[in-house]
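Novice: First, the structure itself, so that you have it in front of you.
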Amino acid sequence: MRRIRSVWREALTGELCWVDSAGCPNGIAVTPLLRGEVPCVALPYSHRGIVRLLAEAAEVGFAVTDGRSLRAGQSGMVAFGPVRVIDDLSGSLFGEQLLEQELRKYPPSRALVDSLLLRRENWWWMPRVLVELSGVNRVVEPARRDDPARNALLIHGPETATVSAVALGDRGSGRMELTPLDDALPLDGEAGMVFGYDYTSADLERWESWWFSGSLERGRLEITHGEGTPGEKSRPLGLLERIRRRHRIAKACRGEITAAERRTNGGPREVS
-2 MRRIRSVWRE ALTGELCWVD SAGCPNGIAV TPLLRGEVPC VALPYSHRGI
48 VRLLAEAAEV GFAVTDGRSL RAGQSGMVAF GPVRVIDDLS GSLFGEQLLE
98 QELRKYPPSR ALVDSLLLRR ENWWWMPRVL VELSGVNRVV EPARRDDPAR
148 NALLIHGPET ATVSAVALGD RGSGRMELTP LDDALPLDGE AGMVFGYDYT
198 SADLERWESW WFSGSLERGR LEITHGEGTP GEKSRPLGLL ERIRRRHRIA
248 KACRGEITAA ERRTNGGPRE VS
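Numbering (our numbering), first residue to last: -2 to 269.
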């Protein structure tokens, strides 16, 4: 736990990787936080649907592989283990123990909750779903990803996740060529997911993820589903786009918070 804790503390961005109960690989980009000495993330309620899939996994990988979050020459790191999921509907755990860390690492939160007045106005940003790494079963060190436009994480495995780094090749006709940056590619026929992200380095105003899933065949991914475009340059948002994005996120958070309040009394609740 000490190794991942040190890397997790220093990282600006990280990734959660897992295989859900249906055998589908999943990965999302996250802001690494520590609750005491425990690696965790604090997801807004707009992510509650993803957390339902994550909570069913036998183990989850807490990964730091983006070269911008690693020291020079340092390889990536993924710690796999069981997780504890806590519904913090009041936002009290997040506000007392994690908010200051998020404000340092994720500047867009400053525009929403960097004062008591903002927290009352944007109340929907304070309730969080906390996902904690409650133990470490194994640690792997994939290659670091130094080119956000060309490097990605490959997640595969029928029950538990295997994570490695790949370079993206040609894409077209429903397939994507993959070149391993560390270990060999998995056996043909396995379900796989490749995903990556990029962000505007000054303020993280744009933090755009992309992903493709399908089956792995002869060093390529036969794509069945996907979203986003690797290497797409993000332009700054205009005022109207910022307003629309905030309204969209607020609506999603409020909807999931209301649904969660029907299942609980509104306080912190451990759900797995």
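Note that CB positions come from ideal geometry on N, CA and C, so glycine has one too.
#1: In the DSSP output, which residue or residues are listed as bridge partners for Tyr276?
#2: Distance, Cα to Cα, Glu238 vs Trp120?
#3: Within the same chain, show all residues whose beta-carbon is closer than 7 Å to that of Asp180, passing over the 5 residues directly before and after it, in chain order.
#4: Around the C-beta of Gly24, are 16 or more other C-beta atoms found within 10 angstroms, so that it is buried, or is it exposed?
#5: Can you tell me whether DSSP reads Glu56 as helix, strand or coil?
#6: Are the CB atoms of Leu114 and Cys37 within a distance shorter than 7 Å?
#7: In this structure, how does DSSP classify Pro297 when only helix, strand and coil are distinguished?
#8: Using only CA atoms, which one of Ser89, Ala146, Val110, Arg172 lies nearest to Ala164?
#9: Determine the contact status of Ser131 and Pro79, defining contact as a CB-CB distance below 7 Å.
#10: Return the first residue and the last residue of the alpha helix (DSSP H) that Ser3 is part of.
#11: Let me know the alpha helix (DSSP H) ranges lying completely inside the region 106 to 172, each 4 residues or longer, listed in chain order.
#12: When we look at the beta-carbon of Ala8 and count the other beta-carbons within 10 Å, is it buried (16 or more) or exposed?
#13: Within the chosen definition, does the region 189 to 208 reach the region 227 to 235 through at least 3 CB pairs nearer than 8 Å?
#14: Could you check whether Pro104 and Gly20 sit closer than 7 Å to each other, using their CB atoms as the reference points?
#15: Counting only the same chain and skipping the five closest in sequence on each side, list residues whose C-beta sits under 6 Å from that of Leu213.
#16: State the beta-bridge partners of Ile220 as determined by DSSP.
#17: Out of Asp143, Leu51, Gly211, point me to the one whose CA is closest to Glu129's CA.
#18: If I measure Cβ to Cβ from Gly171 and keep anything under 6 Å in the same chain, skipping five residues before and after, which residues do I get?
#19: How big is the Cα-Cα spacing for Val268 and Arg259?
#20: When you compare only the Cα positions, how much space is there between Asp85 and Ser210?
#21: How about Glu12 and Ala60: are their beta carbons less than 7 Å apart?
#22: Could you tell me whether the Cβ atoms of Leu151 and Val191 are closer together than 7 Å?
#23: Using a Cβ-Cβ cutoff of less than 7 Å, which residues in the same chain neighbour Arg215 once the five nearest sequence positions on both sides are dropped?
#24: Which residues mark the beginning and the end of the beta strand (DSSP E) in which Cys14 is found?
#25: Run through DSSP, which three-state label would Ala257 get?
#26: When we look at the beta-carbon of Asp195 and count the other beta-carbons within 10 Å, is it buried (16 or more) or exposed?
Specialist: In short, the structure shows the following:
#1: A query on residue 276 cannot be resolved here, the shown segment of the chain reaching from -2 to 269 and no further.
#2: Walking along the sequence shown from the start, residue 238 turns up at place 241. Walking along the sequence shown from the start, residue 120 turns up at place 123. Spanning the two alpha carbons is a distance of roughly 21 Å.
#3: As a working mapping, residue 180 is identified with position 183 in the sequence shown. Taken in chain order, the residues that qualify are Ser161.
#4: Translated into the one-based positions of the sequence shown, residue 24 becomes position 27. Gly24 comes out buried.
#5: Translated into the one-based positions of the sequence shown, residue 56 becomes position 59. Reduced to three states, the DSSP call for Glu56 is coil.
#6: Within the sequence shown, numbered from 1, the residue matching residue 37 stands at position 40. Within the sequence shown, numbered from 1, the residue matching residue 114 stands at position 117. For Cys37 and Leu114, no; Cβs fall outside 7 Å.
#7: Past the edges of the chain, shown from -2 to 269, lies residue 297, and the structure says nothing about it.
#8: Taking the first residue of the sequence shown as 1, we reach residue 164 at position 167. Closest option to Ala164, judged by alpha-carbon separation, among Ser89, Ala146, Val110, Arg172: Ala146.
#9: As a first step, residue 131 must be located in the sequence shown, where it is residue number 134. As a first step, residue 79 must be located in the sequence shown, where it is residue number 82. Contact annotation: Ser131 and Pro79 have beta-carbon atoms nearer than 7 Å.
#10: Position 6 of the sequence shown holds residue 3. First-last of the alpha helix (DSSP H) with Ser3: -1 to 7.
#11: With a minimum length of 4 residues, the continuous alpha helix (DSSP H) runs that stay inside the region 106 to 172 are 107 to 110, 113 to 118.
#12: The sequence position of residue 8 within the sequence shown is 11, counting from 1. Flag for Ala8 reads buried.
#13: Remark: three or more beta-carbon pairs, one from each stretch, lie closer than 8 Å, so the region 189 to 208 and the region 227 to 235 are flagged as touching.
#14: Position 23 of the sequence shown, counting from 1, holds the residue named residue 20. Position 107 of the sequence shown, counting from 1, holds the residue named residue 104. Pairing Gly20 with Pro104 gives a Cβ-Cβ distance that is not under 7 Å.
#15: By one-based count along the sequence shown, residue 213 stands at place 216. Residues of the same chain with a CB within less than 6 Å of the CB of Leu213, apart from the 5 flanking positions on each side, are Pro183, Glu187, Gly189 in chain order.
#16: On the sequence shown, residue 220 is found 223 positions in, with the first residue counted as 1. Answer by DSSP bridge pairing, in chain order: Gly211.
#17: To locate residue 129, count along the sequence shown from 1; it is residue 132. Nearest of Asp143, Leu51, Gly211 to Glu129, Cα basis: Leu51.
#18: Start at 1 with the first residue of the sequence shown, and residue 171 comes out as number 174. Excluding five sequence positions before and after Gly171, the CB atoms of its chain that fall closer than 6 Å to its own CB belong to Ile220, given in chain order.
#19: For this step, residue 268 is matched to residue 271 along the sequence shown. For this step, residue 259 is matched to residue 262 along the sequence shown. Because Val268 carries a pLDDT of 46, less than 50, the predicted location of this residue cannot be relied on, and the following value inherits that uncertainty. For the pair Val268 and Arg259, the Cα-to-Cα distance works out to about 14 Å.
#20: On the sequence shown, residue 85 is found 88 positions in, with the first residue counted as 1. On the sequence shown, residue 210 is found 213 positions in, with the first residue counted as 1. Approximately 31 Å, taken between the alpha carbons.
#21: The residue you call residue 12 lines up with position 15 of the sequence shown. The residue you call residue 60 lines up with position 63 of the sequence shown. With a cutoff of 7 Å on beta-carbon distance, Glu12 and Ala60 are scored as near each other.
#22: Stepping through the sequence shown from its first residue, residue 151 is reached at position 154. Stepping through the sequence shown from its first residue, residue 191 is reached at position 194. Between Leu151 and Val191, the CB-CB gap stays under 7 Å.
#23: Against the sequence shown, residue 215 aligns to sequence position 218. Asp185.
#24: Here residue 14 refers to the residue found at position 17 when the sequence shown is read from its first residue. Looking at the DSSP string, the run of the beta strand (DSSP E) that includes Cys14 is 11 to 16.
#25: Stepping through the sequence shown from its first residue, residue 257 is reached at position 260. The three-state reading of DSSP puts Ala257 in helix, counting H, G and I together.
#26: Residue numbering aside, residue 195 sits at position 198 when the sequence shown is read from its first letter. By the C-beta density criterion, Asp195 is buried, having at least 16 other C-beta atoms within 10 angstroms.
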